[in-house]
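Numbering follows full-length UniProt numbering, in which position 466 of the sequence shown is assigned residue number 466; successive positions increment by one, without gaps. Working notes, beginning with the structure itself.
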Amino acid sequence: NYSRDSLAFATESCYGSLANCLGFHDNISQPMLKEFEDYKLFDVEIRYGIVQLCEGLTFLHNEVKLFHRNLCPESIIINSNGAWKLSGFELCIQGSADGTNYPFREYDGNIPPIINPPLDYMAPEYQTTKSYDTQSDMFALGMIIYALYNHGKTLYECHDNYSTFIKMSDDLKAMNTTKLSILPAEVRDHVKMLLSPKPELRPDAGQFSKVPFFQDVGTKTLEYLDSLFQVDNIQRSMFYKSLPQVIDKLPMRVNLQRIASALELEFINPEMIPFVLPNMFLIAEKASNEEYQGYIFPKLKQVFKIQKPPAGSGASGCIMQTLLILMRNMNLMLTKTPPEDIKQHILPVVYNALDAESSQVQELCLAIIPSFAHLIDLQAMKYCILPRIKKICFETITLSVRVNCLICLGKLVESLDKWIIIDEVIPLLQSIPSREPAVLMAILGIIKVAMSSTKSGGLPREILATK
């Protein structure tokens, strides 16, 4: 959309440009976003970001035969998931069909710098041979890498002055290698080749992305995550089982933006959820309450909505495993989730767990219900929780499940009013179809608690006597 004053267009959700993340905020309206204050790129973000740039350049150079010509931090966009993407194609040059010839355009000092290629990232062949090709983009990539490790400053700064660019380009021929000492040792020689005045000495994007510097565990994990949907469920499940070891080593921002976002994509596949969910809860455990509520909980809501699968679908076992994992992490969710979201999103999960066919899931659910009984209103307790507990207690053939139903009831009595105890709990105790010692002890325990309950004022003995 456009008007006389502005030009606007829609994109995917973006965090900012790489320049913004390096501390350049001229294009951001004031007051500046809190996220950019003291923002610092982590090493794994830099490494994998460069790999993503190489992937983009490989596609441009080899498949499209396109020379970007505007590669700089301002033309690299970081989306809300932390992925680095190329933009700023307004200055690109289309090459010949074989990719060997790119029409040359002189730098025009009479037009505003914003519509000229950025001099700080321009390759020296612009002025030495009046030519360029895709290897000129590789020079710009080398300069970007230098800026990433030098607080956003390039090897030389031209201040939009073409004469300064000519001088600096000549100086590259005798560049002092100590200037590259700020770069990690593993990549220093490779960046030196990218910054070579001779285009033929520069590696292409595909070659550069394969140097050992990009083979660390964090970078390879992020790279594998992006290509994960190309492999089958077995390979993916094996990867997810080993992922906790990597999550422990990654910065929280990377876990939230990159790992959690990739894990969320698996929630559409019930068979993969039991492998994905433990990793999501591991990130949730390490996250602050604000991070959990902003990044993790909205993603978990998709899992909460999972219902019983159709008969014969083969997914029932996976859904039981999912419920089991949710129950095991219920205390974590209750600790970090706001009360209103507990009622709206987590209580239905508890109802599903009580309705589950797995006794293990039921017992876990019965054990955690008392810990958040104070968050359940009396109507939900009377018409949703107690009927389900009653049904389990009557229908189960497992003694431990029946005993756990009674133990759960005993703990809930303190949060029930007198009439619910009289109308719902006491009749239930009378109707239990077994009289094993453990069951009788649990029944007596409930009666004792009911008689001394502070909320109900204690049940009168005459009422109990008539029962």
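Backbone N, C-alpha and C define an ideal beta-carbon position, used for all residues, glycine too.
What three-state label does DSSP hand asparagine 79 in the structure shown?
In this structure, asparagine 79 counts as strand in the three-state DSSP scheme.
Which two residues bound the contiguous alpha helix (DSSP H) that contains lysine 220?
Lysine 220 -> alpha helix (DSSP H) spans 217-226.
Could you tell me which residues DSSP pairs with tryptophan 419 in its beta bridges?
None; tryptophan 419 has no bridge partner.
If you follow the alpha helix (DSSP H) that lysine 241 is part of, which residue opens it and which one closes it?
Where lysine 241 is concerned, the enclosing alpha helix (DSSP H) stretches over 233-247.
Which of the three DSSP states, helix, strand or coil, is assigned to tyrosine 15?
Tyrosine 15 falls in the strand class under three-state DSSP.
Give the DSSP bridge partners of isoleucine 93, in chain order.
Answer is Phe67, bridged to isoleucine 93.
May I ask you to list the residues that DSSP assigns as paired with lysine 179?
Beta-bridge pairing links lysine 179 to no other residue.
DSSP has lysine 85 in a bridge; who is on the other side?
Bridge partners of lysine 85: Ile77.
Would you tell me roughly how many angstroms separate the C-alpha atoms of glutamate 106 and tyrosine 162, rounded to the nearest one?
So the two alpha carbons sit approximately 11 Å from each other.
Under 8 Å by Cβ, that's how I've got cysteine 54 and alanine 205 pegged, so tell me the actual separation to the nearest angstrom.
The Cβ separation is near 4 Å, so the contact holds.
Would you kindly work out how many angstroms separate the C-alpha atoms of serine 371 and serine 453, rounded to a whole number?
Whole-angstrom Cα-Cα distance: 17 Å.
Count the other CB atoms within 10 Å of the CB of isoleucine 50; is the residue buried (16 or more) or exposed (fewer)?
Buried, since its Cβ has 16 or more Cβ neighbours within 10 Å.
Helix, strand or coil for leucine 7, going by three-state DSSP, please let me know.
Three-state result, leucine 7: strand.
Classify residue 501: buried if its beta carbon has 16 or more other beta carbons within 10 angstroms, exposed otherwise.
The first residue shown for the chain is 1 and the last is 467, placing residue 501 beyond what the model contains.
When the Cβ atoms of the stretch 388-401 are set against those of the stretch 361-378, are three or more pairs found closer than 8 Å?
Output reads yes: the stretch 361-378 touches the stretch 388-401.
Just list the alpha helix (DSSP H) runs in the stretch 366-414, keeping only unbroken ones of 4 residues or longer that don't cross its boundaries, in chain order.
Qualifying alpha helix (DSSP H) stretches, in chain order: 386-395, 399-412.
Leaving out five residues before and five after valine 361 in sequence, what residues of the same chain have Cβ atoms less than 7 Å from its Cβ?
Excluding residues within five positions, the ones whose Cβ falls inside 7 Å are Met320, Leu323, Leu324, Met327, Ala353.
Return the first residue and the last residue of the alpha helix (DSSP H) that histidine 190 is part of.
Here the alpha helix (DSSP H) through histidine 190 covers 185-194.
Throw me the rounded Cβ distance for the isoleucine 114 and serine 17 pair, which I believe falls under 8 Å.
So it is not a contact: roughly 14 Å between Cβ atoms.
What residues in its chain sit with their C-beta under 6 Å from that of residue 477, if we drop five residues either side in the sequence?
Given that the chain is displayed from residue 1 to residue 467, the structure contains no residue 477 and the question cannot be resolved.
CB-CB under 7 Å to serine 13, same chain, minus the five flanking residues each way: which ones, in chain order?
Correct list, in chain order: Asn79, Ser80.
Do tyrosine 39 and leucine 222 count as a contact pair if the criterion is CB distance below 8 Å?
Not a contact, by the Cβ cut-off of 8 Å.
Thinking C-alpha only, which one of Glu424, Cys72, Val350, Thr337 is nearest residue 540?
Outside the modelled stretch of the chain, which goes from 1 to 467, sits residue 540, for which no answer is possible.
Roughly how many whole angstroms lie between the Cα atoms of leucine 201 and aspartate 108?
Each residue's alpha carbon lies about 28 Å from the other.
Sort Ile28, Glu264, Arg4 by Cα distance to lysine 299 and report the nearest one.
Closest option to lysine 299, Cα to Cα, is Glu264.
Can you list, in chain order, the residues of its chain with a C-beta nearer than 6 Å to that of alanine 19? Leave out the 5 residues immediately preceding and following it.
Around alanine 19: Pro73, Glu74.
Which residue wins for smallest C-alpha separation from glutamine 293, given the options Ile306, Leu334, Lys198?
Of the candidates Ile306, Leu334, Lys198, the one whose C-alpha sits nearest the C-alpha of glutamine 293 is Leu334.
When you compare each of Lys192, Ile145, Leu60, Leu412 to aspartate 377 by their alpha carbons, which one comes out closest?
Of the candidates Lys192, Ile145, Leu60, Leu412, the one whose C-alpha sits nearest the C-alpha of aspartate 377 is Leu412.
Use the C-beta contact count for arginine 435: other C-beta atoms within 10 angstroms, 16 or more gives buried, fewer gives exposed.
Looking at its Cβ environment, which holds fewer than 16 other Cβ atoms inside 10 Å, arginine 435 is exposed.
Where alanine 147 and arginine 236 are concerned, what is the direct C-alpha to C-alpha distance, given to the nearest angstrom?
Cα to Cα, alanine 147 sits roughly 36 Å from arginine 236.
Quick check on alanine 185: buried or exposed, where buried means 16 or more other Cβ atoms within 10 Å of its Cβ?
Exposed is the call here.
For leucine 225 and isoleucine 273, what's the separation of their Cα atoms in angstroms?
In a straight line, the C-alpha of leucine 225 is about 15 Å away from that of isoleucine 273.
Could you give the DSSP three-state label for tyrosine 2: helix, strand or coil?
It is a strand residue.
Quick check on DSSP: helix, strand or coil for isoleucine 355?
Correcting the residue type first, residue 355 is aspartate in the shown sequence and not isoleucine. If DSSP states are grouped into helix, strand and coil, aspartate 355 belongs with coil.
Is the stretch 153-161 close to the stretch 124-131, with three or more CB pairs under 8 Å?
Cβ pair count under 8 Å is below three, so no.
Considering only residues of the same chain and omitting the five flanking positions on each side of isoleucine 166, which have a CB-CB separation below 7 Å?
Within the same chain, isoleucine 166 has close Cβ partners Gln127.
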